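Engineer: Protein chains in written order, with UniProt numbering: chain Y, 1 to 191; chain X, 1 to 191; chain P, 1 to 191; chain E, 1 to 191.
Note that beta-carbon positions come from the ideal geometry of N, C-alpha and C, so glycine has one too.
All figures in this text were calculated on a predicted structure; none of them were measured in a lab.
4 protein chains.
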Amino acid sequence: MVTKRDMILEAGIKVFSQKGYHHAKMEDIAVAAGIGKGTIYEYFSSKLQLFQEIMEAGLRQYQESVSTEKISQMGIAERIQKITAGHFYFCQNYKELSRILFWDTDIIDDELKDWFYNKRKEKEGVLEDLIRESIRSGELREVDAKLVTLMIGGILGQIWMPIVLEGWEAEAESTAWQITDLIMNGIVPST
Amino acid sequence: MVTKRDMILEAGIKVFSQKGYHHAKMEDIAVAAGIGKGTIYEYFSSKLQLFQEIMEAGLRQYQESVSTEKISQMGIAERIQKITAGHFYFCQNYKELSRILFWDTDIIDDELKDWFYNKRKEKEGVLEDLIRESIRSGELREVDAKLVTLMIGGILGQIWMPIVLEGWEAEAESTAWQITDLIMNGIVPST
Amino acid sequence: MVTKRDMILEAGIKVFSQKGYHHAKMEDIAVAAGIGKGTIYEYFSSKLQLFQEIMEAGLRQYQESVSTEKISQMGIAERIQKITAGHFYFCQNYKELSRILFWDTDIIDDELKDWFYNKRKEKEGVLEDLIRESIRSGELREVDAKLVTLMIGGILGQIWMPIVLEGWEAEAESTAWQITDLIMNGIVPST
Amino acid sequence: MVTKRDMILEAGIKVFSQKGYHHAKMEDIAVAAGIGKGTIYEYFSSKLQLFQEIMEAGLRQYQESVSTEKISQMGIAERIQKITAGHFYFCQNYKELSRILFWDTDIIDDELKDWFYNKRKEKEGVLEDLIRESIRSGELREVDAKLVTLMIGGILGQIWMPIVLEGWEAEAESTAWQITDLIMNGIVPST
DNA sequence: TATGAATGAGACTTCATTCAT
DNA sequence: TATGAATGAAGTCTCATTCAT
Numbered sequence: 001m002v003t004k005r006d007m008i009l010e011a012g013i014k015v016f017s018q019k020g021y022h023h024a025k026m027e028d029i030a031v032a033a034g035i036g037k038g039t040i041y042e043y044f045s046s047k048l049q050l051f052q053e054i055m056e057a058g059l060r061q062y063q064e065s066v067s068t069e070k071i072s073q074m075g076i077a078e079r080i081q082k083i084t085a086g087h088f089y090f091c092q093n094y095k096e097l098s099r100i101l102f103w104d105t106d107i108i109d110d111e112l113k114d115w116f117y118n119k120r121k122e123k124e125g126v127l128e129d130l131i132r133e134s135i136r137s138g139e140l141r142e143v144d145a146k147l148v149t150l151m152i153g154g155i156l157g158q159i160w161m162p163i164v165l166e167g168w169e170a171e172a173e174s175t176a177w178q179i180t181d182l183i184m185n186g187i188v189p190s191t
Numbered sequence: 001m002v003t004k005r006d007m008i009l010e011a012g013i014k015v016f017s018q019k020g021y022h023h024a025k026m027e028d029i030a031v032a033a034g035i036g037k038g039t040i041y042e043y044f045s046s047k048l049q050l051f052q053e054i055m056e057a058g059l060r061q062y063q064e065s066v067s068t069e070k071i072s073q074m075g076i077a078e079r080i081q082k083i084t085a086g087h088f089y090f091c092q093n094y095k096e097l098s099r100i101l102f103w104d105t106d107i108i109d110d111e112l113k114d115w116f117y118n119k120r121k122e123k124e125g126v127l128e129d130l131i132r133e134s135i136r137s138g139e140l141r142e143v144d145a146k147l148v149t150l151m152i153g154g155i156l157g158q159i160w161m162p163i164v165l166e167g168w169e170a171e172a173e174s175t176a177w178q179i180t181d182l183i184m185n186g187i188v189p190s191t
Numbered sequence: 001m002v003t004k005r006d007m008i009l010e011a012g013i014k015v016f017s018q019k020g021y022h023h024a025k026m027e028d029i030a031v032a033a034g035i036g037k038g039t040i041y042e043y044f045s046s047k048l049q050l051f052q053e054i055m056e057a058g059l060r061q062y063q064e065s066v067s068t069e070k071i072s073q074m075g076i077a078e079r080i081q082k083i084t085a086g087h088f089y090f091c092q093n094y095k096e097l098s099r100i101l102f103w104d105t106d107i108i109d110d111e112l113k114d115w116f117y118n119k120r121k122e123k124e125g126v127l128e129d130l131i132r133e134s135i136r137s138g139e140l141r142e143v144d145a146k147l148v149t150l151m152i153g154g155i156l157g158q159i160w161m162p163i164v165l166e167g168w169e170a171e172a173e174s175t176a177w178q179i180t181d182l183i184m185n186g187i188v189p190s191t
Numbered sequence: 001m002v003t004k005r006d007m008i009l010e011a012g013i014k015v016f017s018q019k020g021y022h023h024a025k026m027e028d029i030a031v032a033a034g035i036g037k038g039t040i041y042e043y044f045s046s047k048l049q050l051f052q053e054i055m056e057a058g059l060r061q062y063q064e065s066v067s068t069e070k071i072s073q074m075g076i077a078e079r080i081q082k083i084t085a086g087h088f089y090f091c092q093n094y095k096e097l098s099r100i101l102f103w104d105t106d107i108i109d110d111e112l113k114d115w116f117y118n119k120r121k122e123k124e125g126v127l128e129d130l131i132r133e134s135i136r137s138g139e140l141r142e143v144d145a146k147l148v149t150l151m152i153g154g155i156l157g158q159i160w161m162p163i164v165l166e167g168w169e170a171e172a173e174s175t176a177w178q179i180t181d182l183i184m185n186g187i188v189p190s191t
């Protein structure tokens, strides 16, 4: 059952995604949800809190998408592919949310900014550890784990753009494999 | 000679970088520039126009930094390294500008958003063409040029973060070589 | 039998007394009455009307307390004492109502303000006539009846404060006699 | 020179006095001051702060009016008369301020309420001490100082009403003497 | 040219009141 | 009759922009 609260969240995602936090008016969101302006305040205490809830729920959703917990015995390539594919899926299925999470960070509120930044760091930390471990195990060559993390994070951070802004509709699994191949093997011809 | 106009641009960069577009007040900028609030309007017609000028000037500056025109006879690796090093230099020397150009994109104004998006596409187009050509010439293996562009664009798009937010002070040339190596050769051990 | 209407009035007294008219929310009153917000409107047409009813009922109650009708044959001192004692009782037994009637007059509504002001004038008129008559009869010396009324009205108007705000728990009858003594004989030593 | 700040305070006094705190709109005050709505905020940070400043300035003004510092060698009767006359003057010359200070206390803000209540207590404390001392010196008979304070405070607290609401224009000095006489000698004929 | 006091449109939020259940 | 979710009018406050000096 879709509760009114969910309808408001949905409308919030749509409007925040289209207009950004500061240009989104509470009235816009109310109209998008087909309700009165005051009703939003029955469910959320403020514009900021509504946005925070959207961010949090979005991030939870995202984390499910890119979770690799069940695949912990896989090799590094498989894991990178899984994460990439999950990210790809998420961007394709939650275009508006992607835009909010990956772009319109803006400086809305210091606390929120810090929260979001820390979430990002945390995620990167996990990835970096994974890289480091794979280097130790010999699965990867002696590279700078920080830079590799930056590279993988970067490519993921860009993917939403062609998907959301240009309607790119690639097949997630195979594209993720291609990206993984690039990351693993680079772009020079094998000798 | 530093004109008053330049002082305002400088102050704008500082304040927009610190607070983001919407939280930056014209008064803040005036104070930072050491002038009166009204004076800004002698040189810029509006807050948005001031921001646009900063973006444009910033992008011009950036393009000089990453320009590879004088090195058109170089191989693809050298070019990627040059672009990366230029990007790195730019982020290190213009931290505030970097933050504005690479993060706080927000949805300030549709026209500006489109303009910025197109600049980005343009830049990516050049890179993509370069990749494609290098594939044709056999310098690179048969990879998806779009994905490679995404990867290079992504890594560059991320670099400002550790530099600006965490004060990372790596040496530009050698780090750019490391990144180039990652892009070119991937991360698996060479057999 | 305590009707639901009475429960609402009771709750209104409590909440209006604690928070004042403007800070009292209909929801607060509903909660205090243990009913739903909408139910208040089954018995009272608006917040203002509820307040008016409370004022009116409060004033009726007050008038009973200070009524001296049954004691019309008494002398002026006895009457002043009776009124004072009645007032004292009222403040002690209906602290919340006292606060509403004697303090939180605020300018809620012009009509209500006028109504309340007239009630007061009316009461003072009766007192003033009584004074005047007592002067004529020689029971009181040649004083300005208006000023005496002001004095007696003033002292009564203040009494609620120590009682309600500071929990002063004096014995009504004897205190009323002391006050009457002050009014009658002043404060200088008798020669 | 009348500053704009003073104009706003003046307008605030007028509007708060006429409509009470909650019914006074910032726009009303702006219109009364002949300025734009936003201008008020150049001088006062909020509606509440404007009101507080009015209260404080009003109370300062009032305290000057009723100050008896220069007359400390006078007897108790003279002092009561001076205070009463000062109060009378104040009510006559600052009708709107009187209304704000002596009536529309409402429950605007807990802090303000407490502040005002304490000011009142403080003033009463001084008066009560004076009474007590005069009893000790034999100038007054053995009366309850608290009740006398209540009486004097009460009469003063009422005086604004006929002056402000009914336009009573008595002569301050002589009226103050009459009131003092009532307080000192009571209302019964001297035997 | 430079200023900053003044402005008012605009956005968030509150809460008395309504009405479908 | 009783309810409380929904509403939207209304009010405070912000800040980009103007303009008289």
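1) Given a threshold of 16 other Cβ atoms within 10 Å of its Cβ, counted over all protein chains shown, does K37 of chain E qualify as buried or as exposed?
2) Quick one: does H23 of chain X have its CB under 9 Å from some CB of chain Y?
3) Which residues bound the alpha helix (DSSP H) around I131 of chain E?
4) Would you call the stretch 103-118 of chain Y and the stretch 167-174 of chain Y touching, i.e. three or more CB-CB distances under 8 Å?
5) Mind checking the stretch 72-102 of chain Y against chain X and listing, in chain order, the residues whose C-beta falls within less than 7 Å of any C-beta there?
6) Looking at the ligand COA, does it come within less than 8 Å of Y117 of chain E, judged from the CB to the closest heavy atom?
7) Are the C-beta of residue 197 of chain Y and some C-beta of chain X separated by less than 9 Å?
8) Helix or strand or just coil, what does DSSP make of L140 of chain X?
9) Going by DSSP in three states, residue 210 of chain E sits in which element: helix, strand or coil?
10) Quick one: residues in its chain with C-beta nearer than 6 Å to the C-beta of A24 of chain P, no 5 flanking neighbours on either side, listed in chain order?
11) Using C-beta distances below 8 Å, list every residue in its chain close to I35 of chain P, excluding the 5 sequence neighbours before and after it, in chain order.
12) Quick test of your reading: R79 of chain E and V188 of chain P, contact by CB under 8 Å. State the CB separation rounded to the nearest angstrom.
13) In chain order, which continuous runs of the beta strand (DSSP E) of length 3 or greater are located wholly inside the UniProt domain "HTH tetR-type" (2-62) of chain X?
14) Could you check how far apart the C-beta atoms of I163 of chain P and K95 of chain P are, in whole angstroms? I think they sit under 8 Å.
15) Taking contact to mean 3 or more Cβ pairs, one atom from each stretch, closer than 8 Å, check whether the stretch 147-156 of chain E and the stretch 150-161 of chain P are in contact.
16) By Cβ distance, which residues of its chain are closer than 6 Å to Q61 of chain P, with the 5 residues on each side in sequence left out?
17) Counting contacts by CB-CB distance shorter than 9 Å, is E139 of chain Y in contact with chain X?
18) Can you tell which of Y:L97, Y:M1 and Y:E56 has the C-alpha that lies nearest to the C-alpha of N118 of chain Y?
19) Tell me the rounded alpha-carbon separation between Q81 of chain Y and I183 of chain X.
20) Going along chain X, which residues have a C-beta under 7 Å from I183 of chain Y?
21) Going straight from the alpha carbon of I83 of chain E to that of V66 of chain E, what length do you get?
22) At the level of alpha carbons, what is the spacing between V143 of chain Y and N185 of chain X?
23) Quick check on G167 of chain E - is its C-beta less than 9 Å from some C-beta in chain P?
24) For chain X, check one thing: does any of its Cβ atoms lie closer than 9 Å to the Cβ of Y62 of chain Y?
25) With a cut-off of 9 Å, does the C-beta of I159 of chain E fall near any C-beta of chain P?
26) With DSSP collapsed to three states, give me the class of G154 of chain Y.
27) Does the Cβ of S134 of chain X have 16 or more other Cβ atoms within 10 Å, making it buried, or fewer, making it exposed?
28) Buried or exposed for M161 of chain Y, going by 16 or more other Cβ atoms inside 10 Å?
29) Name, going along the chain, the residues of the UniProt domain "HTH tetR-type" (2-62) of chain E whose beta-carbon falls closer than 7 Å to a beta-carbon of chain P.
30) Does S174 of chain P come out as helix, strand or coil in the three-state DSSP assignment?
31) Identify, in the order they occur along the chain, each residue of the same chain with its Cβ nearer than 6 Å to the Cβ of V148 of chain E, setting aside the five sequence neighbours on each side.
32) Would V143 of chain E count as contacting chain P if we go by Cβ distances under 9 Å?
33) Report all residues from its chain with a CB closer than 6 Å to the CB of W168 of chain P; omit the five preceding and five following residues, and keep chain order.
34) What does V148 of chain P reach in chain E if we use C-beta pairs closer than 7 Å?
35) Please check if any C-beta of chain P sits within less than 9 Å of the C-beta of residue 192 of chain E.
36) How long is the line joining the alpha carbons of K19 of chain Y and K113 of chain X, rounded to whole angstroms?
Structural biologist: So, from the listed chains and residues:
1) exposed
2) yes
3) D110 to R136
4) no
5) none
6) Because no ligand of any kind appears in the structure shown, any question about the ligand COA cannot be addressed here.
7) Nothing can be reported for residue 197 of chain Y, as the shown portion of chain Y is limited to 1 through 191.
8) coil
9) What is shown of chain E runs 1 to 191, which leaves residue 210 of chain E out entirely.
10) Excluding sequence neighbours, A24 of chain P sits near V15 and F16.
11) Counting only Cβ-Cβ distances below 8 Å, and skipping sequence neighbours, we find K4, M7 and I8.
12) About 14 Å separates the two Cβ atoms, so there is no contact after all.
13) none
14) Right, their Cβ atoms sit about 7 Å apart.
15) Between the stretch 147-156 of chain E and the stretch 150-161 of chain P, the count of Cβ pairs shorter than 8 Å is three or higher; the stretches touch.
16) none
17) Judged by the 9 Å Cβ criterion, E139 of chain Y is in contact with chain X.
18) Y:E56
19) 17 Å
20) G186 and I187
21) 5 Å
22) Cα to Cα, V143 of chain Y sits roughly 11 Å from N185 of chain X.
23) no
24) no
25) yes
26) helix
27) By the C-beta density criterion, S134 of chain X is buried, having at least 16 other C-beta atoms within 10 angstroms.
28) With 16 or more other Cβ atoms inside 10 Å of its own Cβ, M161 of chain Y counts as buried.
29) Those residues of the UniProt domain "HTH tetR-type" (2-62) of chain E that come within reach of chain P (Cβ to Cβ, closer than 7 Å) are K19, G20, H22 and H23.
30) Here S174 of chain P sits in helix by DSSP.
31) Cβ neighbours of V148 of chain E beyond the five flanking positions: I131.
32) yes
33) P162
34) L182 and I187
35) Examination of residue 192 of chain E is not possible in this model, given that chain E is present from 1 through 191 alone.
36) 11 Å
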